[in-house]
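Letter 83 of the sequence shown, counting from 1, is numbered 291 in my numbering, and no numbers are missing.
Every residue, glycine too, gets a C-beta built ideally from N, C-alpha and C.
Values in this document were obtained by computation on a predicted structure and should not be read as measured data.
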Amino acid sequence: MKTRLVPATLAVAILTFGLFAAASAEDLPRRTALDDYIQKPDDSFSWEVVSTEEGDGVKTVVIDMVSQRWLTEAEVNQPEWRHWLTLTIPEQVTSDVGMLYIGGGRNNEGKPRSNEQTDAIAKATGTVVAQLGLVPNQPLIFHNDGVERVEDDLIGYTWDQYLKTGDPKWPARNAMVKSAVRAMDTMTAYMASDDGGNQTVDQFVVAGGSKRGWTTWLTGAVDERVVGIIPIVIDVVNADVSMKHHFSVYGFWAPSVGNYVHHKIMERIDDPMLIELYKLVDPYAYRHRLTMPKLVLNAAGDQFFLPDSSRFYWDDLRGENYLRYVPNGDHGLGKTDAVETIVAFHTLIAHGKKPPQYLWTTDDDGTIRVMTKDKPIEVRLWQASNTEARDFRVETLGREYTSTVIEPNEDGLYIAKAPNPDKGWTAYFIELTYDVGAATPLKLTTQVKVTPDTVPFEGKPSHLPTSVTLVCTAPSQQEAGKIAEEAKTLVKNQKFSANGLASHVQGDRLYLNWIPVGDFEIGAKIITGYLDKQKCKDFAYQLESGPEITLPPVLAD
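This is how it looks when you write it as structure tokens:
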């Protein structure tokens, strides 16, 4: 949403309302099948302390917890969900607000060990920090098909089952959220016991990344004990609009969402049943409940989601909302300072302190204006450019974001704008760093703006059967043409299953496209291995809608 506010109006807005978003009068559901599942009694819930260790200022308690039974034995090989729940308890617990971090893992993994990072967070914040593992329980085998499914393959399968049957028991998100709810029950019960020191921990800041970030949103929506949430790298709230934007910008589906392509979710993107699914699992459908303080922590170079995806939900959020896009971070947020932001925000919420109050607007020409009630240590403009495509993924562009310091003007506003590039697109945002009295600084940002705000593949059909394009750089243009012809013999000689192989050469860049038969990853590995032997490099994949090669929009012009 573009707004034009004079400085005085900005000041009044931020002093009067802080970061409270306006509430719309939309008719959002009061109760959903997710609520029914969470509140359904389940006698399988139990927990048992497996080990207790003390040292270096913390006590580490590992609990074996059964959260529920989900589906039947005819539908899944392991209906009972079992988790490791690891509590890190500092010597002095100074808040009744604990942190629950929702994590993943595999069913056959052994008992977790103490974690130095978790120990440090617990001691720095004076709070109980818990790590919940095995969300979802995985691998799982459905309908005795013999396929062990994990992560997005598991979730995509359950989405497909819902689209086919309309039965709301199927989305795996039901069980993932209930796992978190039961973990909070367990934390409270243990801390209230003699072993836990008869202490009260009955409010929670919940955090998690990716699909666990999605679970974080929904846990906050269904449980009033949640007083703060930190959904991490799940920049897909209002999923229907967000994913259509994904395709319209790239012209293909990024390989990171390949499991959903494989389960033909994307081919049914306009299916009314998919909209019904989103009403059950999309945090956007629960935004009227999500009034607690929230730190939305995203990666500016995420391989799943576009950096300007918050435009589809941010203005509709309610309550106190804080945002950070991490520059040069991908979906894993490795080699970044994202953890520091989590620690600082949790410290504030756990001890009843208000995070810094700031507000931004974006003019029609792309100028970002930031007003802040609390004085930051530093303010920076981050920007990155791609001369070929509206694509800022670390895996394709690299860590190209650079920054410059911004000083306030005479009105106390921080104002910046990245110029339109001569060719391609530029993404940019403003970052504010605050000293909030925590062990680490708190970094917050505006939304990401992309200039020019043009969508290169708008209107391109996204629901056609999938083909795969492999892009690589050959040793030379001549070699690229030669390799393209030789690669076709792999299909002719049945080295891998595909319906034909098309090619395109542009300079030393080679594009190979095929319609997969079965699992497209198998064919991709075979042909990638061949190209690697031909000294090709810089491999990238595009999951196409239809049997056509999508070229970068600048090159296509």
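>> With three or more beta-carbon pairs closer than 8 Å as the criterion, would you say the region 570-577 touches the region 536-547?
In response: Contact between the region 570-577 and the region 536-547 is absent, because fewer than three Cβ pairs lie under 8 Å.
> Residues in its own chain within less than 7 Å of C680 by CB, not counting five upstream and five downstream?
Replying inline: Here residue 680 corresponds to residue number 472 of the sequence shown, with the count starting at 1. Non-local beta-carbon contacts of C680 in its own chain, meaning distances under 7 Å to residues more than five positions away in sequence, involve L718, L739, C744, K745, D746 and F747 in chain order.
> Can you give the Cα-Cα distance for M384 and D250, rounded to whole angstroms?
Replying inline: If you number the sequence shown from 1, residue 384 lands on position 176. If you number the sequence shown from 1, residue 250 lands on position 42. Rounded to the nearest whole angstrom, the CA to CA distance from M384 to D250 is 15 Å.
> Candidates W633, E666, V663 and G731: which alpha carbon is nearest V676's?
Replying inline: Translated into the one-based positions of the sequence shown, residue 676 becomes position 468. Of the candidates W633, E666, V663 and G731, the one whose C-alpha sits nearest the C-alpha of V676 is G731.
> Going by the beta-carbon positions, is the gap between I557 and L505 smaller than 8 Å?
Replying inline: Working through the sequence shown from its first residue, we reach residue 557 at position 349. Working through the sequence shown from its first residue, we reach residue 505 at position 297. Not a contact, by the Cβ cut-off of 8 Å.
> So, helix, strand or coil for E639, using DSSP?
Replying inline: Here residue 639 is taken as the residue at index 431 of the sequence shown, counted from 1. In the three-state scheme derived from DSSP, where H, G and I count as helix and E and B as strand, E639 is classed as strand.
>> Whole angstroms are fine: how far does the CA of A624 sit from the CA of Q591?
In response: Indexing the sequence shown from 1 puts residue 591 at position 383. Indexing the sequence shown from 1 puts residue 624 at position 416. Cα-Cα distance, rounded: 11 Å.
> If you run the structure through DSSP and keep just helix, strand and coil, what is D360?
Replying inline: Counting from one through the sequence shown, the residue named residue 360 turns up at place 152. D360: helix per DSSP, three-state reduction.
>> Within 8 Å, do at least three Cβ pairs link the region 335-354 to the region 286-304?
In response: Taking a cut-off of 8 Å for Cβ pairs, the region 286-304 and the region 335-354 touch, as three or more such pairs fall below it.
>> Tell me which residue opens and which closes the beta strand (DSSP E) that P439 is part of.
In response: Translated into positions along the sequence shown, residue 439 becomes position 231. From DSSP, the beta strand (DSSP E) with P439 extends over V434 to I440.
> Relative to the C-alpha of A682, which residue among H712, P673 and A400 is closest?
Replying inline: Here residue 682 is taken as the residue at index 474 of the sequence shown, counted from 1. The residue with the shortest Cα to Cα distance from A682 is H712.
> What first and last residue would you give for the alpha helix (DSSP H) that runs through R390?
Replying inline: Start at 1 with the first residue of the sequence shown, and residue 390 comes out as number 182. Run containing R390: R381 to A400, per the alpha helix (DSSP H) assignment.
>> I'd like to know if the region 299-314 and the region 326-334 are in contact, where contact means that at least 3 CB-CB pairs between them fall below 8 Å.
In response: By the Cβ criterion, the region 299-314 is in contact with the region 326-334, since at least three pairs of Cβ atoms, one from each stretch, lie closer than 8 Å.
> On the three-state DSSP scale, how would you describe V266?
Replying inline: As a working note, residue 266 is residue 58 in the sequence shown. When secondary structure is reduced to three states using DSSP, V266 falls in the strand class.
> S450 lies in the alpha helix (DSSP H); which residues open and close that run?
Replying inline: For the purposes of this step, residue 450 is taken as the residue at position 242 of the sequence shown. Note, S450: alpha helix (DSSP H), A447 to Y458.
> Taking Cβ positions, are R357 and L348 nearer each other than 8 Å?
Replying inline: Along the sequence shown, one-based indexing puts residue 357 at 149. Along the sequence shown, one-based indexing puts residue 348 at 140. Yes; because the gap between Cβ atoms is below 8 Å, this pair is in contact.
>> Buried or exposed for A646, going by 16 or more other Cβ atoms inside 10 Å?
In response: For the purposes of this step, residue 646 is taken as the residue at position 438 of the sequence shown. The residue in question, A646, is buried, as its Cβ has 16 or more Cβ neighbours within 10 Å.
> Quick one: Cα of E756 to Cα of I638, how far?
Replying inline: Counting from one through the sequence shown, the residue named residue 756 turns up at place 548. Counting from one through the sequence shown, the residue named residue 638 turns up at place 430. Approximately 38 Å between the Cα atoms of the pair.
> So E729 is in the alpha helix (DSSP H); what residue range does that whole segment cover?
Replying inline: For the purposes of this step, residue 729 is taken as the residue at position 521 of the sequence shown. First-last of the alpha helix (DSSP H) with E729: F728 to K741.
>> I need the DSSP call for V336, collapsed to helix, strand or coil.
In response: The count along the sequence shown starts at 1 and reaches residue 336 at position 128. Coil, per DSSP.
>> What does the alpha-carbon distance come out to for the pair V258 and G436?
In response: Here the question's residue 258 lines up with position 50 in the sequence shown. Here the question's residue 436 lines up with position 228 in the sequence shown. V258 and G436 have their C-alpha atoms some 29 Å from each other.
> According to DSSP, what are the bridge partners of H291?
Replying inline: The sequence position of residue 291 within the sequence shown is 83, counting from 1. Partner(s): M273.
>> Using the Cβ count rule (16 or more neighbours within 10 Å means buried), how would you classify V725?
In response: What you label residue 725 is simply residue 517 of the sequence shown in a count that begins at 1. Exposed: under 16 other Cβ atoms inside 10 Å.
> Cα separation between A391 and L295?
Replying inline: Locating residue 391 in the sequence shown gives position 183, where the first residue counts as 1. Locating residue 295 in the sequence shown gives position 87, where the first residue counts as 1. Take the alpha-carbon of A391 and the one of L295: they are about 10 Å apart.
> Helix or strand or just coil, what does DSSP make of L751?
Replying inline: Position 543 of the sequence shown, counted from the start, is the residue given in the question as residue 751. L751 falls in the strand class under three-state DSSP.
> Relative to the C-alpha of I734, which residue among L698, P760, L759 and P761 is closest?
Replying inline: Here residue 734 is taken as the residue at index 526 of the sequence shown, counted from 1. The candidate whose alpha carbon is nearest that of I734 is L698.
> Quick one: what does DSSP say M579 is sitting in, helix, strand or coil?
Replying inline: Residue 579 sits at position 371 when you count from the first residue of the sequence shown. Residue state for M579 is assigned as strand, using DSSP reduced to three classes.
>> Our contact map puts L720 next to L678 with C-beta atoms below 8 Å; I'd like the distance itself, whole angstroms only.
In response: On the sequence shown, position 512 is the one that residue 720 refers to. On the sequence shown, position 470 is the one that residue 678 refers to. In this structure L720 is in contact with L678, their Cβ atoms being roughly 5 Å apart against a cut-off of 8 Å.
>> Rounded to whole angstroms, what is the Cα-Cα separation between I483 and L709?
In response: Locating residue 483 in the sequence shown gives position 275, where the first residue counts as 1. Locating residue 709 in the sequence shown gives position 501, where the first residue counts as 1. When the Cα atoms are used, I483 and L709 turn out to be separated by approximately 35 Å.
> Helix, strand or coil: how does DSSP classify H470 here?
Replying inline: To locate residue 470, count along the sequence shown from 1; it is residue 262. DSSP, reduced to helix, strand and coil, places H470 within a helical segment of the structure shown.
>> Does V547 come out as helix, strand or coil in the three-state DSSP assignment?
In response: One-based indexing of the sequence shown puts residue 547 at position 339. Helix at V547.
> Expressed to the nearest angstrom, what Euclidean distance is found between the alpha-carbon atoms of D243 and N316?
Replying inline: Translated into positions along the sequence shown, residue 243 becomes position 35. Translated into positions along the sequence shown, residue 316 becomes position 108. Cα-Cα distance, rounded: 30 Å.
> How would you call T549, buried or exposed, if buried means at least 16 neighbouring beta carbons within 10 angstroms?
Replying inline: As a position in the sequence shown, residue 549 is number 341, starting the count at 1. Its Cβ being crowded by 16 or more others within 10 Å, T549 is buried.
>> Using only CA atoms, which one of V266, Y309, L308 and A388 lies nearest to A328?
In response: Position 120 of the sequence shown, counted from the start, is the residue given in the question as residue 328. Of V266, Y309, L308 and A388, the residue nearest in Cα terms is V266.
> For H671, which residues does DSSP report across the bridge?
Replying inline: Within the sequence shown, residue 671 is the residue found at index 463, counting from 1. BP columns for H671 are empty, so no partner.
> By how many angstroms is the C-alpha of D431 removed from the C-alpha of G404?
Replying inline: For this step, residue 404 is matched to residue 196 along the sequence shown. For this step, residue 431 is matched to residue 223 along the sequence shown. Their Cα atoms are separated by approximately 23 Å.
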